Each structure stands twice: as structure tokens, then as C-alpha cells.
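A short write-up of the structure that comes next.
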Amino acid sequence: MLWPARRRERPGLSLTVCELASVTSRPLVRRRSARRPGDSFEAYRLCAWGADNLHPLSCDGSQWFDVSLGAVDALSTLGVMGLRDEFLDAAELAARPRPLANDGKTNVFEATIRAVGGLLSAAQIASAMIAQDAREAAAARGNATDAAS
Numbered sequence: 334m335l336w337p338a339r340r341r342e343r344p345g346l347s348l349t350v351c352e353l354a355s356v357t358s359r360p361l362v363r364r365r366s367a368r369r370p371g372d373s374f375e376a377y378r379l380c381a382w383g384a385d386n387l388h389p390l391s392c393d394g395s396q397w398f399d400v401s402l403g404a405v406d407a408l409s410t411l412g413v414m415g416l417r418d419e420f421l422d423a424a425e426l427a428a429r430p431r432p433l434a435n436d437g438k439t440n441v442f443e444a445t446i447r448a449v450g451g452l453l454s455a456a457q458i459a460s461a462m463i464a465q466d467a468r469e470a471a472a473a474r475g476n477a478t479d480a481a482s
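Convert by adding 333 to the 1-based position in the sequence shown; the result is the number in the working numbering.
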């Protein structure tokens with residue numbers, strides 16, 4: 334046997350290495366792992382909503398740029414994972430106008446990759462979501478007109 338059948342101890346995911354490698358278990362692994370980003374975002378929402386950083390052990394947050402980096406960082410993951418409600422909540426928080434602090438302590442690299450990059454990827458995902466909504470609305474309208482004919 335190439336893969337020993339030992340258990341990986343992870344909360345909510347107790348599959349053997351063989352099960353993880355199995356094609357038949359992939360939908361199960363996908364469903365279980367899809368909950369993880371939502372769980373992490375819920376911890377951020379409960380402990381550090383609006384903060385740049387979440388400190389999970391103390392259940393509090395801290396500011397670095399004071400632009401809700403926690404929400405901005407989460408946007409692309411939430412959107413890609415299809416967690417639409419969480420994505421919209423994070424987008425609403427990230428969209429609140431705030432001036433970027435220019436106190437000489439701002440790390441330009443971090444501000445660029447996290448704040449600007451996160452917002453750009455979120456905008457791309459949001460436009461894809463809107464396009465999908467439009468396709469679904471058009472399909473529903475088409476079905477309604479077909480039924481009425």
C-alpha cells in the first residue's frame with residue numbers, strides 16, 4: 334500500500350490519506366473544505382469586525398492601515414468559494430470611505446498587494462457575479478415567456 338491508512342486529525346475532516354486521494358471522496362472533501370473560509374470569516378466578524386488583523390487566540394483585532402484589511406483579504410476567497418452573503422458583507426465594509434494613513438509608517442508593498450490587489454480582485458469577482466445574475470435573470474425570463482406561449 335502506497336498510502337498508509339492513518340487518520341489526519343483535523344476538526345470536521347477525519348478522512349484517511351487513502352480517502353483523501355480517492356476520486357469518490359473528492360465531493361465530500363470539497364464540501365467539508367468549502368465551509369472553512371466561511372468559518373474563518375465568521376470568526377473575523379465576531380472578534381475583529383472592521384479591523385485590519387484578527388488575533389484568533391484573544392478574539393480581538395488590531396489596526397495597521399485602518400482600512401479593514403481583514404475584510405479586503407477575505408473578499409476574493411469568499412467570492413471564489415461562492416459565499417455570496419459573506420462576500421457582500423465584506424464588500425460593504427471594505428467600501429466604506431477611509432483615508433489611507435500617510436504617517437510615514439505605511440508599508441507601501443503591503444498596502445499595494447493587500448488593499449489595492451484585494452479590491453481589484455473583488456471588483457473582478459463582483460462583476461462576474463453580476464454577469465451570472467444577469468444570465469440567470471435572462472434564462473428565467475426566457476422560461477417564463479416559453480411557458481406563456
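For every residue, glycine included, the Cβ atom is placed at its ideal position computed from N, Cα and C.
On a predicted model such as this, the values are computed, not experimentally measured, just so you know.
The alpha helix (DSSP H) runs of length 4 or more contained entirely in the region 389-470 are, from start to end of the chain, 402-413 and 417-427. Rounded to whole angstroms, the gap between the alpha carbons of D406 and F374 is 10 Å. Residue pairing for L387: DSSP places it in a beta bridge opposite G394. Ranked by how close their Cα comes to the Cα of A459, the residues A404, G394, L421 and V400 have L421 in first place.
Rounded to the nearest whole angstrom, the CA to CA distance from W397 to R468 is 40 Å. Of the candidates P389, V413 and A428, A428 places its Cα closest to the Cα of V400.
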